[in-house]
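This report concerns only the one structure given below.
Protein chains: 2
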Amino acid sequence: MNSPEIQQMIQLLSRLPGLGPRSGRRVALHLLKKREALLKPLIEALQTADQTITTCQQCFNLDTSNPCHLCQDTKRDDHSLCIVADVADLWAIERSQIFKGRYHVLGGLLSALDNIGPQQLTIQPLLKRLENGQIQEIILALNSTVDGQTTVHYLANHLQSYAVKLSSLAQGVPMGGELDYLDDGTLSAAFSERKRLYA
Amino acid sequence: MNSPEIQQMIQLLSRLPGLGPRSGRRVALHLLKKREALLKPLIEALQTADQTITTCQQCFNLDTSNPCHLCQDTKRDDHSLCIVADVADLWAIERSQIFKGRYHVLGGLLSALDNIGPQQLTIQPLLKRLENGQIQEIILALNSTVDGQTTVHYLANHLQSYAVKLSSLAQGVPMGGELDYLDDGTLSAAFSERKRLYA
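Protein sequence lines, in the order shown, are assigned to chains A and R. Residue numbering for the first sequence follows UniProt numbering, beginning at 1 and increasing consecutively. Residue numbering for the second sequence follows UniProt numbering, beginning at 1 and increasing consecutively.
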């Protein structure tokens, strides 16, 4: 119906996360209408990203340099390591500016359903990073899902033999959360981890 | 925080319709993870589209050829013309396979709010197409919105002097529509345009 060039463009755009055939068509038309303002700059940005972005072989972050700028930053704390599942999680923590140590990106979570075992994650390189004894604290910042908690337990077992303080993120009521709308799991976690106000 | 190459990519992706900063980041990460399967083919498809897709100078459709394949198709009815606001509307009508005549894409709708007057639309080329008297019927397939109906009235006034049958799309209950959920405007249009079942 449409020319194959437009069809191919729509088909690839439809495969982006969060887009489908309808929004793919919408994006394609929008791009074809705004060639100078959007289509050409986007092509260029995608090409530049494709050519320059690489995976840091130390923490497995995505960056133009290897080791990445977070691994190279001398102002960051070498004794503290935050383990995340995905680069998106690393970005989220960096945006919050709550953590000033180093990172390690696992590249996913253990999942029996998706057939992801320890070999598919960067656990071997993680254990190797711990060998020199520089890291004293590890924070497991993983999703509060079944897969995330499975991974927490697996890592807790394997990191026992290293002399590091190991912790995972607190669970409880999210900021601005209304009790009425919380699920039972969150409520019971918030109850069992309740904070004493007058110490 | 991120490298400028990633930031630029996210920033441009966030400007696509339906995407925002969060989904822009998600799309960027997805593309960087699937370079061979998605990023490179997408770059190529966007480049091909940018280089080959042009606007048909007869009906203002987007295609690789000018006149477009719809204007060139000898099997289509030369006496019937369907006026649409946007290429997306043309695609939607083509998908439904309900219409086998020619098209004319206005490039938008008259809108006082958005400061779009008759000069911004392809109304002059439309009147020129009508001059040879070949077109006998015109269907105004425009949105059932204030801007769409304003454009219908404007065109109806200007097409009066040409000897053409002029019609606009029927208004009423959409297929599968439940009366309970319809707005008052649709309901009253459906009532006043009611069909007699026994003729």
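Each residue gets a CB set at the ideal place from its N, CA and C atoms; glycine is no exception.
(request) Could you say which of R:V84, R:L13, R:D50 and R:L179 lies nearest to I138 of chain R if we only look at CA atoms? (result) Comparing Cα positions, the closest option is R:V84.
(message) I believe T145 of chain A touches L110 of chain A by the beta-carbon criterion, under 8 angstroms. Please report the beta-carbon distance rounded to the nearest angstrom.
(response) Between L110 of chain A and T145 of chain A the Cβ distance is about 11 angstroms, and since that is not below 8 angstroms, they are no contact.
(request) Under 7 angstroms Cβ to Cβ from C71 of chain R, same chain only, skipping five residues before and after it: list those, please. (result) Closer than 7 angstroms at the Cβ level, and outside the excluded window around C71 of chain R, lie C56, Q58, C59 and R102.
(message) Under 8 angstroms, CB to CB, which of the residues in the stretch 21–37 of chain R have a partner in chain A?
(response) Across the stretch 21–37 of chain R, CB contacts with chain A closer than 8 angstroms involve S23, R25, R26, V27, A28, L29, H30, L31, L32 and R35, in sequence order along the chain.
(message) Short of 7 angstroms in beta carbon distance, which residues of its chain neighbour K100 of chain R, apart from the five on each side in sequence? Order them along the chain.
(response) Short of 7 angstroms from the beta carbon of K100 of chain R, and not among the five residues preceding or following it, lie these beta carbons of its own chain, in chain order: R76 and D77.
(request) With 8 angstroms as the threshold, decide whether the Cβ of K40 of chain A is near any Cβ in chain R. (result) So yes, K40 of chain A belongs to the interface.
(message) Any contact between the stretch 4–23 of chain R and the stretch 153–160 of chain A? By contact I mean 3 or more CB pairs, one from each, below 8 angstroms.
(response) Contact between the stretch 4–23 of chain R and the stretch 153–160 of chain A is absent, because fewer than three Cβ pairs lie under 8 angstroms.
(request) Could you give the DSSP three-state label for R102 of chain A: helix, strand or coil? (result) Under the three-state reduction of DSSP output, R102 of chain A falls in the strand class.
(request) Return yes when the Cβ of G18 of chain R is within less than 8 angstroms of the Cβ of R26 of chain A, no when it is not. (result) Yes, these two residues count as a Cβ contact at 8 angstroms.
(request) With DSSP as the reference, label C59 of chain R as helix, strand or coil. (result) Note: C59 of chain R maps to coil in three-state DSSP.
(request) Taking all protein chains shown into account, decide if L121 of chain A is buried (16 or more other Cβ within 10 angstroms of its Cβ) or exposed. (result) Label assigned to L121 of chain A: buried.
(request) For N2 of chain A, count neighbouring C-beta atoms within 10 Å of its own C-beta (all shown protein chains included) and say buried if the count is 16 or more, exposed if not. (result) It counts as buried.
(request) Answer yes or no: do L187 of chain A and S168 of chain A have a C-beta to C-beta separation smaller than 8 angstroms? (result) L187 of chain A is not a Cβ neighbour of S168 of chain A, given a cutoff of 8 angstroms.
(message) Just to confirm the assignment, what range does the alpha helix (DSSP H) spanning L46 of chain R have?
(response) Note, L46 of chain R: alpha helix (DSSP H), K40 to T52.
(request) Starting from the Cα of S14 of chain A, find the closest Cα among R:H153, R:I98, R:L130 and R:L42 and give me that residue. (result) Selected option, being the one with the closest Cα: R:L42.
(message) Here's the rule I'm using: 16 or more other beta-carbon atoms within 10 Å means buried, otherwise exposed. How should N61 of chain R be labelled?
(response) Result: buried.
(message) Could you compute how far the alpha carbon of R129 of chain A sits from the alpha carbon of S80 of chain A?
(response) Answer to the nearest angstrom: the Cα atoms are 12 angstroms apart.
(request) Identify the contact partners of P17 of chain A in chain R, using a Cβ-Cβ distance below 7 angstroms as the criterion. (result) Here the neighbours are R26, V27 and H30.
(request) Confirm the yes/no value for this check: CB of R129 of chain A, any heavy atom of the ligand SAH, distance under 7 angstroms. (result) The model on display carries no ligand, and the ligand SAH is accordingly not part of it.
(request) Just the C-alpha distance for P67 of chain A and Q97 of chain A, rounded to the nearest angstrom, thanks. (result) One C-alpha to the other measures close to 21 angstroms.
(message) List, from N- to C-terminal side, the alpha helix (DSSP H) runs of 4 residues or more that fit wholly inside the UniProt domain "Toprim" (79–174) of chain A.
(response) Listed in chain order, the complete alpha helix (DSSP H) runs (minimum 4 residues) inside the UniProt domain "Toprim" (79–174) of chain A are 87–96, 123–130 and 146–159.
(message) For N2 of chain R, would you say it is in contact with chain A, using Cβ-to-Cβ distances shorter than 8 angstroms as the test?
(response) Interface annotation, N2 of chain R: in contact with chain A, CB-CB separation under 8 angstroms.
(request) For A49 of chain A, go through chain R and note every residue whose CB falls closer than 7 angstroms to its CB, in chain order. (result) Those are E5, I6, M9 and L32, listed as they occur along chain R.
(request) Using a Cβ-Cβ cut-off of 8 angstroms, state whether L142 of chain A counts as contacting chain R. (result) At least 8 angstroms separates the CB of L142 of chain A from every CB of chain R.
(message) Please list, in chain order, the chain A residues whose beta carbon lies closer than 9 angstroms to that of I116 of chain R.
(response) In chain order: nothing, as chain A lies at least about 14 angstroms away.
(request) Helix, strand or coil for D73 of chain A, going by three-state DSSP, please let me know. (result) Reduced to three states, the DSSP call for D73 of chain A is coil.
(message) Distance check for M175 of chain R and I183 of chain R, CA to CA, integer angstroms please.
(response) A quick correction: the sequence has Asp, not Ile, at residue 183 of chain R. Taking the Cα positions, D183 of chain R is about 15 angstroms away from M175 of chain R.
(message) Pop quiz: A45 of chain R and L12 of chain A are said to be a contact at Cβ under 8 angstroms. What is the actual Cβ separation, rounded to whole angstroms?
(response) Rounded, the Cβ-Cβ distance is 5 angstroms, consistent with contact.
(request) Please classify L187 of chain A: does DSSP put it in a helix, a strand, or coil? (result) Note: L187 of chain A maps to helix in three-state DSSP.
(message) Quick check on Y181 of chain R: does DSSP put it in helix, strand or coil?
(response) Three-state DSSP puts Y181 of chain R in a helix.
(message) Against chain R, does A88 of chain A count as a neighbour if the rule is that its beta carbon must be under 8 angstroms from one of theirs?
(response) Interface residue, yes.
(message) Within 8 angstroms of any Cβ in chain A, is that where the Cβ of D63 of chain R sits?
(response) Under the 8 angstroms criterion on CB atoms, D63 of chain R is classed as interfacial with respect to chain A.
(request) With DSSP collapsed to three states, give me the class of R35 of chain R. (result) Secondary structure at R35 of chain R: helix, using DSSP grouped into helix, strand and coil.
(message) Do E193 of chain R and G177 of chain R have their beta-carbon atoms positioned less than 8 angstroms apart in this structure?
(response) Cβ distance not < 8 angstroms, so G177 of chain R and E193 of chain R don't count as in contact.
(request) In the DSSP assignment, find the alpha helix (DSSP H) that holds P4 of chain R and state where it starts and stops. (result) Here the alpha helix (DSSP H) through P4 of chain R covers P4 to S14.
(message) My assumption, with CB atoms under 8 angstroms, is that V164 of chain A sits in contact with Q136 of chain A. Please give the rounded CB distance.
(response) That pair is a contact at about 6 angstroms.
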